[in-house]
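Under the numbering used here, the sequence shown has 86 at position 68, and the numbering climbs by one with no breaks.
Beta carbons are placed, not taken as given, at the ideal position from N, Cα and C, and that holds for glycine.
Please read the structure below before turning to the comments.
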Amino acid sequence: MHWTYKRKPFVPDLDNRFGFVYKITNKKTKKSYIGCKQYFIGIKKKSRKPSGWETYTGSSKHLNSDMGKIGKKNFKFQIIGEYENKRSLNYYECFYQMKLKVLTTVLEGTDEPAYYNNYVGGKFYRPIKVEKQ
19 MHWTYKRKPF VPDLDNRFGF VYKITNKKTK KSYIGCKQYF IGIKKKSRKP SGWETYTGSS
79 KHLNSDMGKI GKKNFKFQII GEYENKRSLN YYECFYQMKL KVLTTVLEGT DEPAYYNNYV
139 GGKFYRPIKV EKQ
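Have a look at this one:
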């Protein structure tokens, strides 16, 4: 498994948590992605199925394209936090995306976006032209 939490291998609380918010960082470019993943698909404990979170590499096609080009070993997979229900999971994904300004932050000394994220919460999208602040 590639996930870490506070620089240690990640041990999830599958009995009491719904999912986690994560950050994946390209070690070469320092470009990151903030997202969330639930542990199981389905609501009822008896009928739910594993989500494949152990090997998950994010939903960004650009992130996964870069991963395919330079290899998964050149990315850092960090858990930011675990959350007990879907509402909290979605809230904290948006919270960290907004806090880290994933839509407007650029890599130092460039005009290149610092995050692979192109939207937050399905409602806020990366501007076509990023204005200097």
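Of the listed residues 43, 102, 25 and 139, nearest to residue 80 (C-alpha basis): 43
Considering only their Cβ atoms, is the gap separating residue 57 from residue 69 smaller than 9 angstroms? yes
Coil, strand or helix - residue 43 by DSSP: strand
State the DSSP-derived secondary structure class of residue 141, mapped to helix, strand or coil. coil
Locate the beta strand (DSSP E) running through residue 100, then write down its first and last residues. 93-101
Candidates 38, 132 and 61, of which the one nearest residue 111 by Cα: Looking at the Cα atoms, 38 is the closest of the given residues.
Where do the ends of the alpha helix (DSSP H) carrying residue 57 lie? Neither: residue 57 is in no alpha helix (DSSP H) and is coded neither H nor E.
Identify the continuous alpha helix (DSSP H) that holds residue 114 and give its terminal residues. 104-117
Which of helix, strand or coil does DSSP assign to residue 83? helix
How would you call residue 55, buried or exposed, if buried means at least 16 neighbouring beta carbons within 10 angstroms? buried
Is the beta carbon of residue 98 closer than 9 angstroms to that of residue 41? In contact: residue 41 and residue 98 (Cβ atoms closer than 9 angstroms).
Beta strand (DSSP E) segment containing residue 134, residue limits: Run containing residue 134: none; DSSP gives neither H nor E here.
Please classify residue 52: does DSSP put it in a helix, a strand, or coil? strand
With which residues is residue 23 paired in a DSSP beta bridge? 26
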